[in-house]
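> To start, I am sharing the structure in question, which I have written as structure tokens.
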Amino acid sequence: MAHAAEIRTVSVTRYVTPLREGGSLPAIVEADDEFLYVLKFKGAGQGKKALIAELIGGEIARLLGFRVPEIVFADLDIAFGRIEGDEEIQDLLKASVGINLGLHYLSGSITYDPVATKLSPLLASQIVWLDSLLMNVDRTARNTNMLWWHKELWLIDHGASLYFHHSWDNWDKPKKPFQLISKHVLLPIASELDAVDKQFAPVLTEQAIKAIVALIPDDWLVEDSPFQNPEQHRAAYIQFLTTRVANSSFFVNEAKHARETAI
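Counting from 1, position 27 in the sequence shown corresponds to residue 27 in the UniProt record's numbering; the numbering is continuous, with no gaps.
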């Protein structure tokens with residue numbers, strides 16, 4: 001298993017092109033380390049909560065041994081909003097000055113096609129377990145959010161995970177249902193969920209989860225927050241994740257039931 005990494009900070013030096021997908025308008029940018037990144041903007045529709053979910057989801061996936069593009073904090077200067085000609089993008093850039101989130105751009109990658117490339121039941125079960133834990137609504141046949149790059153599977157785009165944090169309603173229920181797991185693109189072949197549970201749950205210790213949640217910048221935790229300060233806000237994410245791991249048999253059984261119903 002990999003270890004939760006320190007997150008590097010880079011400065012955006014060039015806006016290359018928008019990726020017009022959904023309402024968030026991510027973009028390909030170049031940074032001062034001369035690498036290209038897919039930049040997720042804090043000024044986009046789902047704002048900082050999507051960046052928090054991306055950071056937590058991506059680093060938990062990495063800790064569990066999945067291939068995830070490197071995640072960086074990307075500092076965006078106010079000057080970018082002044083020189084952009086597209087008014088919509090200009091507004092987005094102005095609203096996103098400061099620290100945003102970037103994922104290393106996997107040049108030449110292709111969207112994973114479950115029909116063209118079959119995964120093993122073990123790998124499918126591992127991904128379903130991860131998405132059940134994170135309550136990731138966005139790994140469906142319509143949008144797999146997986147890439148095939150250098151003959152290996154890479155997981156991307158966890159911004160729709162932890163969707164409860166958009167309202168924080170009933171977030172502290174230890175057995176919070178996630179019925180949308182029935183829509184997961186890999187659920188039909190995820191036949192080894194019990195084995196994966198025994199493998200993954202012990203890795204996600206409270207210490208490991210705290211280390212990942214500690215990476216969230218304070219700036220992302222102070223606006224539209226139901227908590228008094230960033231420390232309380234982080235503590236809520238830690239409580240949710242540690243409690244969910246401690247009750248992993250609940251979401252494993254939920255996924256198994258959804259699979260049995262579907263096949």
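The C-beta atom is built at its ideal place from N, Cα and C for all residues, glycine as well. Note that the coordinates shown come from a computational prediction; the quantities given were computed from them, not determined experimentally.
Quickly, what does DSSP pair R8 with across the bridge? List them, please.
As a first step, residue 8 is located in the sequence shown; it is residue number 8 there, counting from the start. Paired residues: none, contrary to the question.
> Which complete alpha helix (DSSP H) runs does the segment 42 to 127 hold, if anything under 4 residues is left out?
47 to 63, 80 to 83 and 87 to 94
> Closest to T17 by C-alpha separation, out of E30, D138 and H104, would be which residue?
Stepping through the sequence shown from its first residue, residue 17 is reached at position 17. For the residues E30, D138 and H104, the minimum Cα distance to T17 belongs to E30.
> Name the DSSP beta bridge partners of D152, please?
As a first step, residue 152 must be located in the sequence shown, where it is residue number 152. One point to set straight first is that residue 152 is Glu, not Asp, in the sequence displayed. According to DSSP, E152 bridges with W149.
> Report the partner residues of T17 according to the DSSP bridge assignment.
By one-based count along the sequence shown, residue 17 stands at place 17. I28.
> Could you tell me the alpha carbon to alpha carbon distance between D32 and I7, rounded to whole angstroms?
The residue you call residue 32 lines up with position 32 of the sequence shown. The residue you call residue 7 lines up with position 7 of the sequence shown. Cα to Cα, the separation comes out at about 15 Å.
> By Cβ distance, which residues of its chain are closer than 7 Å to residue 266, with the 5 residues on each side in sequence left out?
Residue 266 cannot be examined here, being either before or after the span of the chain that is shown, 1 to 263.
> Rounded to the nearest angstrom, what separates H3 and N100 at their Cα positions?
Residue numbering aside, residue 3 sits at position 3 when the sequence shown is read from its first letter. Residue numbering aside, residue 100 sits at position 100 when the sequence shown is read from its first letter. Confidence in H3 is poor, its pLDDT being 49 and thus under 50, which makes the residue's placement unreliable; the coordinate value appears in the next sentence. So the alpha carbons of these two residues sit roughly 23 Å apart.
> What are the boundary residues of the beta strand (DSSP E) that L36 is part of?
As a first step, residue 36 must be located in the sequence shown, where it is residue number 36. In the DSSP assignment, L36 falls within the unbroken beta strand (DSSP E) covering L36 to K40.
> Let me confirm a value: G102 is counted as buried when at least 16 other C-beta atoms fall within 10 Å, else exposed. Which label applies?
Here residue 102 refers to the residue found at position 102 when the sequence shown is read from its first residue. G102 should be labelled buried.
> According to the Cβ coordinates, are L155 and R67 closer than 8 Å?
Sequence index remark: in the sequence shown, residue 155 carries index 155 (1-based). Sequence index remark: in the sequence shown, residue 67 carries index 67 (1-based). Yes, these two residues count as a Cβ contact at 8 Å.
> In the DSSP assignment, what residue or residues form a beta bridge with T242?
As a working mapping, residue 242 is identified with position 242 in the sequence shown. For T242, which the question treats as bridged, DSSP gives no partner whatsoever.
> Does the beta-carbon distance from F80 to Y15 come in below 8 Å?
One-based indexing of the sequence shown puts residue 80 at position 80. One-based indexing of the sequence shown puts residue 15 at position 15. Yes, the pair counts as a contact, with Cβ atoms nearer than the cut-off.
> Hey, would you say R59 sits closer than 8 Å to I78, going by beta carbons?
Taking the first residue of the sequence shown as 1, we reach residue 59 at position 59. Taking the first residue of the sequence shown as 1, we reach residue 78 at position 78. For clarity, residue 59 is Glu in the given sequence; the question names Arg instead. No, they are not a contact pair.
> Does DSSP put T140 in a helix, in a strand, or in coil?
As a first step, residue 140 must be located in the sequence shown, where it is residue number 140. Three-state result, T140: strand.
> Pull up the distance between the alpha-carbon of G108 and that of W149, whole angstroms please.
Here the question's residue 108 lines up with position 108 in the sequence shown. Here the question's residue 149 lines up with position 149 in the sequence shown. Here the alpha carbons of W149 and G108 stand approximately 7 Å from one another.
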